[in-house]
Structure formats: structure tokens, C-alpha cells
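K.L.:
Quick one: structure below, then a few questions.
There are 2 protein chains.
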Amino acid sequence: MDVPLICYDCGNTATLAVGARCDCGEPYWVATDPKGFAWPESGERSLWRYRDLLPDADPTGLAAGAGGTPLVRTPRLDDDIGARVHAKVEGSNPTGTFKDRGSAVGVAAAADAGYETVGTVSHGNMARSMAAHAASAGLDCLVLVPADAPAERLSLLARHDPTILRVEGDYGRLYDESLRVGRERGIAFVNSDTPLRVAGQKTTALEIAESFAPSVPDAVVLPVSSGGHGSAVWKAFQELREAGLATELPRLYFVQTAACGPIAEAWERGDRTATPVDGGETVAYSIANADPPSGNRVLAAARATGGGVIAVDDDAILDARRALSTDAGLFVESASATALAGAHRLAERGAFEGDDDVVLIATGTGFTERDVDAPAVDAATVELGALDDAVSERMD
Amino acid sequence: MDVPLICYDCGNTATLAVGARCDCGEPYWVATDPKGFAWPESGERSLWRYRDLLPDADPTGLAAGAGGTPLVRTPRLDDDIGARVHAKVEGSNPTGTFKDRGSAVGVAAAADAGYETVGTVSHGNMARSMAAHAASAGLDCLVLVPADAPAERLSLLARHDPTILRVEGDYGRLYDESLRVGRERGIAFVNSDTPLRVAGQKTTALEIAESFAPSVPDAVVLPVSSGGHGSAVWKAFQELREAGLATELPRLYFVQTAACGPIAEAWERGDRTATPVDGGETVAYSIANADPPSGNRVLAAARATGGGVIAVDDDAILDARRALSTDAGLFVESASATALAGAHRLAERGAFEGDDDVVLIATGTGFTERDVDAPAVDAATVELGALDDAVSERMD
Numbered sequence: 001m002d003v004p005l006i007c008y009d010c011g012n013t014a015t016l017a018v019g020a021r022c023d024c025g026e027p028y029w030v031a032t033d034p035k036g037f038a039w040p041e042s043g044e045r046s047l048w049r050y051r052d053l054l055p056d057a058d059p060t061g062l063a064a065g066a067g068g069t070p071l072v073r074t075p076r077l078d079d080d081i082g083a084r085v086h087a088k089v090e091g092s093n094p095t096g097t098f099k100d101r102g103s104a105v106g107v108a109a110a111a112d113a114g115y116e117t118v119g120t121v122s123h124g125n126m127a128r129s130m131a132a133h134a135a136s137a138g139l140d141c142l143v144l145v146p147a148d149a150p151a152e153r154l155s156l157l158a159r160h161d162p163t164i165l166r167v168e169g170d171y172g173r174l175y176d177e178s179l180r181v182g183r184e185r186g187i188a189f190v191n192s193d194t195p196l197r198v199a200g201q202k203t204t205a206l207e208i209a210e211s212f213a214p215s216v217p218d219a220v221v222l223p224v225s226s227g228g229h230g231s232a233v234w235k236a237f238q239e240l241r242e243a244g245l246a247t248e249l250p251r252l253y254f255v256q257t258a259a260c261g262p263i264a265e266a267w268e269r270g271d272r273t274a275t276p277v278d279g280g281e282t283v284a285y286s287i288a289n290a291d292p293p294s295g296n297r298v299l300a301a302a303r304a305t306g307g308g309v310i311a312v313d314d315d316a317i318l319d320a321r322r323a324l325s326t327d328a329g330l331f332v333e334s335a336s337a338t339a340l341a342g343a344h345r346l347a348e349r350g351a352f353e354g355d356d357d358v359v360l361i362a363t364g365t366g367f368t369e370r371d372v373d374a375p376a377v378d379a380a381t382v383e384l385g386a387l388d389d390a391v392s393e394r395m396d
Numbered sequence: 001m002d003v004p005l006i007c008y009d010c011g012n013t014a015t016l017a018v019g020a021r022c023d024c025g026e027p028y029w030v031a032t033d034p035k036g037f038a039w040p041e042s043g044e045r046s047l048w049r050y051r052d053l054l055p056d057a058d059p060t061g062l063a064a065g066a067g068g069t070p071l072v073r074t075p076r077l078d079d080d081i082g083a084r085v086h087a088k089v090e091g092s093n094p095t096g097t098f099k100d101r102g103s104a105v106g107v108a109a110a111a112d113a114g115y116e117t118v119g120t121v122s123h124g125n126m127a128r129s130m131a132a133h134a135a136s137a138g139l140d141c142l143v144l145v146p147a148d149a150p151a152e153r154l155s156l157l158a159r160h161d162p163t164i165l166r167v168e169g170d171y172g173r174l175y176d177e178s179l180r181v182g183r184e185r186g187i188a189f190v191n192s193d194t195p196l197r198v199a200g201q202k203t204t205a206l207e208i209a210e211s212f213a214p215s216v217p218d219a220v221v222l223p224v225s226s227g228g229h230g231s232a233v234w235k236a237f238q239e240l241r242e243a244g245l246a247t248e249l250p251r252l253y254f255v256q257t258a259a260c261g262p263i264a265e266a267w268e269r270g271d272r273t274a275t276p277v278d279g280g281e282t283v284a285y286s287i288a289n290a291d292p293p294s295g296n297r298v299l300a301a302a303r304a305t306g307g308g309v310i311a312v313d314d315d316a317i318l319d320a321r322r323a324l325s326t327d328a329g330l331f332v333e334s335a336s337a338t339a340l341a342g343a344h345r346l347a348e349r350g351a352f353e354g355d356d357d358v359v360l361i362a363t364g365t366g367f368t369e370r371d372v373d374a375p376a377v378d379a380a381t382v383e384l385g386a387l388d389d390a391v392s393e394r395m396d
């Protein structure tokens, strides 16, 4: 595909046909010219509202339905965070996570370019998203998963009937190998930090920004795994600054799970480079990336915006997940709850002022983890004839 | 609450403080004056875009995030239906179903009127939705469920920490009793066909209509249970006609599960009144309402629009559910799949022309039924070093 790319770090340029990674080792993203971009006046609700900042594509089916998710105030979380808290509800995407944004752009662009097969390396939300978007577009889909991926998760994926291959070997190497195999065999791989996916993921931030226009929020807090989404959020705000629509960038805070937090560890050390870790078990398994391909790019984003990268432990993640359900009505996956857990920790360090607008990106629905930390059900049984008494006993 | 009501059948008027049902036995809906209503120019994405047609309320939190769901084309379903098929993806609401629209309006109006507690009779999607919206708004929530409601479903509900009461006795009577108890004890019950819920549910149809403006779709096909949603869709198109925004109404087709289809049975008999049935087991349990409170109103809607009411069996429902996953990328609950199953059956009867625009309302996410009809996972295991061969074997 003839999409123009540029390296965020060294400025090298290329096109997507050549590859997703610069010779300097860092990932490319799509080169754009945001000058003259204005907030659209169209009534378009999906992410294609921002098509002037996206690669050319003619979306149909599910691809046309991604994005346009709610940004809701969560006033009952304000006191704990010491700021005005908002949540971007990415679970409202068609397959229940933010991944649909990148899949929509990736699959639409691949279909336009004549690809008949798309692919991805994932055993979770991204795989489901790619398979669903491919199904809608009538493309074949190849999903490469680790050999030990739990059958339960693959069962959800299999609903959309992709070809699934379990691959034995290093997961980080599989990521790169899949891109090579894809180039050689005409399969459009849209992995977690590849340029088309990052282009689509920008729209999370564009929607947030438009909600606050002409202002911008003071801080955005989001989970980080490969670093693709985090990179995209940074890119979006950079583009808005170039377009004259944001005079300053929000502080971007990225949150990892402590059991597997290579980017947070690098940040703590003051390093510009994330190095692989031996990740442990964590409830936030979907962001447990031991060797994140866009780790350095996220470190750059945190530095450039005055933000940071932190890690939170499983107890804090589960506490935050419960608080989102009971105090904001949002049932999210554990990985998403890291945003609130991280915001708590940042608040303790004095990161926010009382009049700050802090946006948590709730990246995905909790339905994928309905059995995790399931509450006991406390429900008395009463006769219909005794309803009045039972209600007044409990609710008065 | 001082919301003006009118009976769709006999024209009697009342206010919500008095009750939800007319002396003639039929349900009230909210009286509106749609004359002068025009499609809004605002960029508001939620259902509050249509606040000129809604009861006064000042939504915050989750209530402000309901609605604004995608309407997507599903071209791979066209051939089977013999029409241009679209799906309204209601699973994109904050708690994963269309119920959030009614909950948003009901909870926001109750909060504005000073209620501290809201309630509902439901053991499924509506209960989860009410509990989540109450949690977000800081209201208490009372959920009345049948004594035999499965613990698994209550566990999802309990995430939002409502007070749950299991009630032994007739479910139809519980519906009416809850409204009386609510009036007497100052609890705002928002049941499945009560006026505020129906007002919120109108917005499904308003969004569909605006997507087709200045035209309207030829047919809308949706599941029907209590008849609240179906009534709301009818009301919305009536309002648009009054406002001069729809010269004719789409044919409204309502689909029930054959195991429990009192409205479809009445329609087949040519009756204007639905009578209770002894419902059997069905995969589409969430629309298995043996004594639907708005059954007659749905029959009126089908007559008035030249549509109909039909029933489909579990095999057809599961086939349709699989087709939505594999050919449209939409993983929906079984009850939602009745819309496609019903459209198939209607197509066989010659209900559609090739250039008809047919909208299926996919009422809720499939995640709530992830174990129902789960596919076997067919995934070979290969070594990373053998990836090239494995891929070319399968994808060339």
C-alpha cells in the first residue's frame, strides 16, 4: 500500500509497502498534513468524521460503525481523584473495545487496496475485532495466537470464523515475522502498533479533543501495552496543535500492570528506551506486553507532554474496576481499570488540580472477563403478597 | 412526576403521578407536541440530540452517554433477504443493550424530580441497565426479580450493587404491583413499557430515521417482548410524520420467539388483543414474555404501518445469530437475532422488494450469552520457524 510514513524519532520517510519499522529501529506512523484541518461540521458520528486526518479508505459495513463512543462525566469519582473526571467509553465500539478503530481503518484500507486477506497477532480483543471487521467486509482473516492461548478466549474469536493458527515460539519475534510473511504473501497484517492501526486509534483522542474544543483536557490517562494506542493519542494531539486547534497538549499518563510493566520501569529509571521484562501473571492480562514494540514512543510521548508512565498492582486494578461499576455504572475489563487505578496513584503524587479535567480511557467492556472478581449475589426471597413490607424494610 | 400522558387507544390524558395505565386498560405514553420539530443541527451524539421530543431532564453521567449507536450496512446479508439490509447496533449502548435509552431518560427524569431511589422488574438487560444508570447518578436502585432467576445473570447485575429482591408469585402481577408500591413509597419504577422508558426508546427510531432523512427506510424489523420498544418505534415515526419529517411510515415488523409468542399468535388469528400464553423454554429467553403489557399496542402498530408480527423457532434464531457473527461481524444475543430470523421468514413470504431498505434492530450484545452455541475452536499448532509454510498451505 502506498501510504506515506514517517519515523517519529529520526524523521525518515517511507511507504507502507516497504514496512512498518524504520531502519533506526523505531516504528513508523502515517505521515499527515494537518494544516488547514478544522473540526468537521458534518453529522457523521463514526471515526470517519476525521477522514481528513486518516488514510484514504472507503469504509463499508462494520468499519463505518467504529468510533463515535460516549465521553461521560463520572462525578462520583471526582473526590478520590481531586479533579473533574471523565471516562471515554470505548466498550461502545462494535466489538466492545477501542481496537475497532484501528481495525476499521486497517481493514477498509486493505479492502480498497485489493487485499483479500487480513491478519493480526493477538489472542484477545484485537483478534476478535479484526475477525469481525473482516467478516463484515467479506475478507479472509488469519489470526496468529500463542500456542498456549486459553480456549475460552479463542471461542469468542471463533464466532467470526477466522483461520486461527497457534504458534510456538517467541511472541515478540512472531510480531515481526507476521509482518514479513504478510508482505511476502499479500496478507495485510494490522498488528497492534502498525501504521494503519495507529492511524485509526488516533480518533479516540480526536473525539476527546473535539468534546473539549476549543479547550483541551488537562490530562488523559490510558492503559498501555504495545504502545500503539498511546502513540496514537500523542499523534492526534500533535496534529491538532499543527492545525491550530490545540495550543497546548494535555499531559499524557500511561498506565501498566506492575506484573509486566517494561515501559513504566524504564520511565522510573529515567530511560528513553524500554527493555523487555519477564512478565508475571496479572489480572490485566490484555496489557501484559513484556516487549512492547512502541515502548520508546510512549516514553517520548510522556516526556513531550509533561505526563508520565506508572504501574499499578492487581489489587489496585480490581478496586478500580469495582469502583467504575458501582460509582460510574461502567463495567470494564481489568486492563481498562488500570486507568482509574493509575489516576488514583497520580492523585496521591499531586498530579492533578481541583479544576483539572482528567479523561480516563476505558478501553474495553468487562463482559470479556465476566467471571473475574464476580461478586456474591445477596438477594432475599419474598412472597409477592409481602412486597410492601419487604420494600419498606430495605429502602426506607 | 408531572409528565403529561395520553392513551394511544382511547385518547384519555393523565400525568405520570397518577399511573402508567389508562382506565381502558391500555398503557399510556408521554404526550408530545412534535409540530415544528426539525432535525437538530447540534453535534450532540447521544439520544439527547432529540431532547425536544423527550421529557424534560438534565442528564449527567451515564445517562448522557446512551444512544448514538451505529447503523451499519450488512451487505453480505442482502442476498438472503432480497433487500438492502442495515443493522442498528444497540449493543453499543453503555451497558450493551437498547435498554440504556429508556433507563437514561427514566433515571435522569427521576433524579431531576428529586427521587432518591429508582426501581425495575427485570432479571436481565433492563435490570443491569437501571442499576448502572442509578450507580452513575448516585441513586439507590431496587431490582425485583423472579424467585428462580439464574444466579449467573444476577452476578452481572450485582456488579452495580443494587438491592435485589427475589419475588415469588405471578410475574405479570409483580409488574403492576411494583408500580403501585413505587408510587406509594416514592420509588421511581421504570419498567419495560412505562411512559418514561418508552419515551427514551423512541430514540432508536429517531436515529434510524435521521440516517435516512429526508427519506425513511421501507421496513424496520425488531424483536418484541413486553412491547415497550415496539411501541416506542411506532410513536417515534408518528411524531416525525406530525413534524412533517416523514410522509409515510416504514412497515414495522415485530418478531417473537415461537416458544413464547402471544403477540404473534394474536396477529395470526387476526385479533386486536394479545392473550397470555404458557411460554416454553427458548434460547431467546430475554424476549419470552408470556403476558406482554404492551401487546395490544404492538398489534396496533403492525396494523397501522402495514407490517406484521411473526414468530421464529430456536433453530432459526441460532442460525441467524451465527450469520450475524460470520457475515456481518456482529455478535448479538439470541433475542436480537430474531430480527434477522424474522426477516428471512418475511422474505420467503415476499415482504420485501430488491430496492427496499430494511433495518434490523440488533437490540443487544452477545456477550451476555457467550456460552450459548459456542463454536468449537479449530486451530492447528505450528512452530514459528515453519510459519511461512503453514500460512501458504492455508491461505493461498
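In the order they appear, the protein sequences are chains U and L.
Start counting the first sequence at 1; every next residue gets the next number (full-length UniProt numbering).
Start counting the second sequence at 1; every next residue gets the next number (full-length UniProt numbering).
Where is the CB? At the ideal position from N, CA and C, for every residue including glycine.
This structure is a prediction, so every number in the text was calculated from the model and none was measured.
Smallest Cα separation from U:Val3: which of U:Glu26, U:His123, U:Gly65 and U:Val198?
P.N.:
Closest option to U:Val3, Cα to Cα, is U:Val198.
K.L.:
Taking the C-alpha atoms as reference points, what is the distance between U:Ser211 and U:Tyr253?
P.N.:
If I take the Cα positions, the gap works out to 19 Å.
K.L.:
Which value, in whole angstroms, describes the spacing of the CA atoms of U:Ala196 and U:Ala341?
P.N.:
Sequence inspection shows Leu at residue 196 of chain U; the Ala mentioned does not correspond to that position. Spanning the two alpha carbons is a distance of roughly 30 Å.
K.L.:
To the nearest angstrom, how far is the alpha carbon of L:Ser136 from that of L:Gly228?
P.N.:
Their backbone Cα atoms lie some 24 Å apart in a straight line.
K.L.:
Where L:Tyr8 and L:Trp234 are concerned, what is the direct C-alpha to C-alpha distance, given to the nearest angstrom?
P.N.:
When rounded, the distance between both Cα atoms is 11 Å.
K.L.:
Would you check if the distance between the CB atom of L:Val391 and the CB atom of L:Val220 is smaller than 9 Å?
P.N.:
Not a contact, by the Cβ cut-off of 9 Å.
K.L.:
Given a cut-off of 9 Å, decide if U:His133 and U:Ser155 are closer than it, judged by their beta-carbon atoms.
P.N.:
Not a contact, by the Cβ cut-off of 9 Å.
K.L.:
Buried or exposed for L:Asn12, please, with buried defined as at least 16 other CB atoms from any protein chain shown within 10 angstroms of its CB.
P.N.:
When all chains shown are included, L:Asn12 counts as exposed.
K.L.:
Let me know the secondary structure DSSP gives L:Gly342 once reduced to three states.
P.N.:
If DSSP states are grouped into helix, strand and coil, L:Gly342 belongs with the helices.
K.L.:
So, for residue 406 of chain U: in the same chain, excluding its five sequence neighbours on each side, which residues have a beta-carbon less than 8 Å away from its beta-carbon?
P.N.:
Any property of residue 406 of chain U remains undetermined from this structure, which presents chain U solely from 1 to 396.
K.L.:
Secondary structure at U:Leu53, three-state DSSP: helix, strand or coil?
P.N.:
Reduced to three states, the DSSP call for U:Leu53 is helix.
K.L.:
If the criterion is Cβ atoms closer than 9 Å, does the pair L:Ala148 and U:Met395 meet it?
P.N.:
Ala is not the amino acid found at residue 148 of chain L; the sequence shown has Asp there. Taking 9 Å as the Cβ cut-off, L:Asp148 and U:Met395 do not qualify as a contacting pair.
K.L.:
Quick check on L:Glu90: buried or exposed, where buried means 16 or more other Cβ atoms within 10 Å of its Cβ?
P.N.:
Buried, by the Cβ-count rule.
K.L.:
Quick check: U:Ala83 and L:Val377, are their CB atoms within less than 9 Å of each other?
P.N.:
Against a cut-off of 9 Å, the Cβ pair of L:Val377 and U:Ala83 comes out as no contact.
K.L.:
Taking all protein chains shown into account, decide if U:Arg269 is buried (16 or more other Cβ within 10 angstroms of its Cβ) or exposed.
P.N.:
Per the 10 Å Cβ criterion, exposed.
K.L.:
Output the residue ranges of the beta strand (DSSP E) runs that lie fully inside the stretch 83–160 of chain U and measure 3 residues or longer, sorted by chain position.
P.N.:
For the stretch 83–160 of chain U, whole beta strand (DSSP E) runs of length 3 or above, ordered along the chain, are 84–89, 117–121 and 140–146.
K.L.:
By Cβ distance below 8 Å, which residues in the same chain neighbour L:Asp112 in space, the five residues on each side in sequence not counted?
P.N.:
Cβ within range, chain order: Asp56, Ala57 and Asp58.
K.L.:
Give the C-beta separation of U:Val107 and U:Leu144 to the nearest angstrom, bearing in mind that I take them to be a contact with Cβ-Cβ under 8 Å.
P.N.:
Not confirmed; about 17 Å, so no contact.
K.L.:
Any C-beta of chain U within less than 8 Å: which residues of the stretch 367–393 of chain L qualify?
P.N.:
Cβ contacts with chain U: Phe367, Thr368, Arg370, Ala374, Pro375, Ala376, Val377, Asp378, Ala379, Ala380, Thr381, Val382, Glu383, Leu384, Gly385, Leu387, Asp388, Ala390, Val391 and Ser392.
K.L.:
Please give me, in chain order, every unbroken run of the alpha helix (DSSP H) with length at least 4 that falls completely inside the stretch 228–278 of chain L.
P.N.:
Runs found: 228–242 and 262–269.
K.L.:
Determine the chain L residues that contact U:Ile164 at a beta-carbon separation under 9 Å, and present them in chain order.
P.N.:
Under the 9 Å cutoff, chain L gives Val377, Asp378, Ala379 and Ala380.
K.L.:
Between L:Asp291, L:Val332 and L:Gly182, which lies nearest to L:Gly19 when the distance is taken from Cα to Cα?
P.N.:
L:Gly19 has its Cα closest to that of L:Gly182, out of L:Asp291, L:Val332 and L:Gly182.
K.L.:
Can you give the beta carbon distance from U:Glu168 to L:Leu387, rounded, assuming they're within the 8 Å contact cut?
P.N.:
Wrong, their Cβ atoms sit about 10 Å apart, outside the cutoff.
K.L.:
With a threshold of 16 other CB atoms inside 10 Å of the CB of U:Thr381, please say whether the residue is buried or exposed.
P.N.:
So U:Thr381 ends up on the exposed side.
K.L.:
Would you say L:Val18 reaches chain U, if we count a Cβ-Cβ gap shorter than 9 Å as a contact?
P.N.:
L:Val18 does not count as touching chain U.
K.L.:
Pull up the distance between the alpha-carbon of U:Asp33 and that of U:Leu53, whole angstroms please.
P.N.:
Distance between the alpha carbons of U:Asp33 and U:Leu53: 8 Å.
K.L.:
Of the residues that make up the stretch 183–215 of chain L, which ones have a beta carbon closer than 7 Å to any beta carbon in chain U?
P.N.:
Against chain U - using a Cβ distance shorter than 7 Å - the residues of the stretch 183–215 of chain L are Arg185 and Ile187.
K.L.:
Quick one: what's got a C-beta closer than 6 Å to L:Ala236's C-beta in the same chain, skipping five residues either side?
P.N.:
Result list for L:Ala236: Lys202, Ala205 and Leu206, in chain order.
K.L.:
Per DSSP, L:Ala14 forms a beta bridge with which residues?
P.N.:
Looking at the DSSP assignment, L:Ala14 forms a beta bridge with L:Leu5.
K.L.:
What does the alpha-carbon distance come out to for the pair L:Met1 and L:Glu177?
P.N.:
If I take the Cα positions, the gap works out to 18 Å.
K.L.:
Does DSSP put U:Arg349 in a helix, a strand or coil?
P.N.:
Looking at U:Arg349 - three-state DSSP - the assignment turns out to be coil, as it is neither helix nor strand.
K.L.:
Quick one: residues in its chain with C-beta nearer than 7 Å to the C-beta of L:Ala328, no 5 flanking neighbours on either side, listed in chain order?
P.N.:
If we look at L:Ala328 and ignore the five residues flanking it on each side, its Cβ neighbours are Thr74, Arg76, Leu77 and Ala87.
K.L.:
For L:Thr97 and chain U, any beta-carbon pair shorter than 9 Å?
P.N.:
No - not a single Cβ of chain U is within 9 Å of the one on L:Thr97.
K.L.:
CB U:Tyr171 to CB U:Ala290, shorter than 9 Å?
P.N.:
In this structure, U:Ala290 lies closer than 9 Å to U:Tyr171 by Cβ.
K.L.:
Less than 8 Å between the CB atoms is what I'm expecting for L:Ser294 and L:Asp193, so what's the real figure, rounded?
P.N.:
L:Ser294 to L:Asp193, Cβ: 4 Å. Contact.
K.L.:
Can you list the residues of chain U that L:Pro262 reaches, using a CB-CB cut of under 8 Å?
P.N.:
Chain U residues near L:Pro262: none, gap ~21 Å exceeds 8 Å.
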